[in-house]
Amino acid sequence: MKYSVLVFLLATVAHGMRDQSIAVKGRLICGDKPAGNVRIKLWEEDSGPDPDDLLEAGYTDANGEFQLSGGEAELTPIDPIFKVYHDCDDKYIPGHRKVKFLIPKSYITQGKVPKKTFDLGVLNLETIFPKEERELIVSRKRRHHRYLESD
Numbered sequence: 000m001k002y003s004v005l006v007f008l009l010a011t012v013a014h015g016m017r018d019q020s021i022a023v024k025g026r027l028i029c030g031d032k033p034a035g036n037v038r039i040k041l042w043e044e045d046s047g048p049d050p051d052d053l054l055e056a057g058y059t060d061a062n063g064e065f066q067l068s069g070g071e072a073e074l075t076p077i078d079p080i081f082k083v084y085h086d087c088d089d090k091y092i093p094g095h096r097k098v099k100f101l102i103p104k105s106y107i108t109q110g111k112v113p114k115k116t117f118d119l120g121v122l123n124l125e126t127i128f129p130k131e132e133r134e135l136i137v138s139r140k141r142r143h144h145r146y147l148e149s150d
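Using numbering that gives the first Met the number 0, the first residue of the sequence shown is number 0, and each one after it goes up by one.
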């Protein structure tokens with residue numbers, strides 16, 4: 000009896016899970032220059048016991064442009080966060096500045112492929128953002144990014 004109740008509960012939860020997706024694009028600058036090769040990540044952050052999920056990561060192209068997308072199956076609406084790790088106007092301090100942007104929930108779409116893209120626009124990273132953080136351990140290894148022809 001206990002086994003059948005557990006199977007029923009798991010099936011109910013699995014049925015309630017729904018695929019949700021999100022996309023973000025934009026251009027980063029540092030002063031009057033493109034912010035190329037800036038590390039960026041798209042996360043689905045959770046409160047509670049469910050761990051945060053990295054949806055996609057990459058780097059801005061030589062023009063500072065980027066586009067990330069990803070998705071997750073969740074019971075409740077996902078909480079998409081766009082993170083930027085940079086050292087614009089900060090070259091002599093160890094680590095990178097870390098800035099987080101909450102993406103509006105109206106850009107979350109049903110299914111594995113996003114149907115809408117949140118356009119962050121052009122963002123000058125010289126701006127000092129409230130609640131900015133610092134990441135001291137930074138990987139210098141650059142990974143392939145779809146905007147780049149070669150690394």
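Glycine residues also receive a C-beta, built at the ideal position from the N, C-alpha and C atoms.
Just so you know, these numbers come straight off a predicted model, no measurement behind them.
Using a 10 angstroms sphere on the CB of L27, the tally of other CB atoms reaches 16 or more, which defines it as buried. Classified as exposed, Q109 has fewer than 16 neighbouring CB atoms from the shown chains inside 10 Å of its CB.
DSSP, reduced to helix, strand and coil, places S46 outside both helices and strands of the structure shown, so it counts as coil. For the 8 Å CB-CB criterion, E134 and H95 form a contact. At a cut-off of 4 residues, not a single continuous stretch assigned as alpha helix (DSSP H) sits fully inside the region 13-86. In the three-state reduction of the DSSP assignment, K130 falls in the coil class. Judged by beta-carbon spacing, A22 lies within the 8 Å limit of L67, meaning their Cβ atoms are closer than that value. It is roughly 25 Å from the alpha-carbon of Y106 to the alpha-carbon of E132.
Exclusion of the five residues before and after K111 leaves D18, S20, G70 as the residues of its chain whose Cβ lies within less than 8 Å of its Cβ.
Here DSSP, grouped into helix, strand and coil, assigns K104 to helix. The C-alpha of F117 lies about 23 Å from the C-alpha of C87. About 18 Å separates the beta carbons of K104 and K82, which is beyond the 8 Å limit, so they are not a contact pair.
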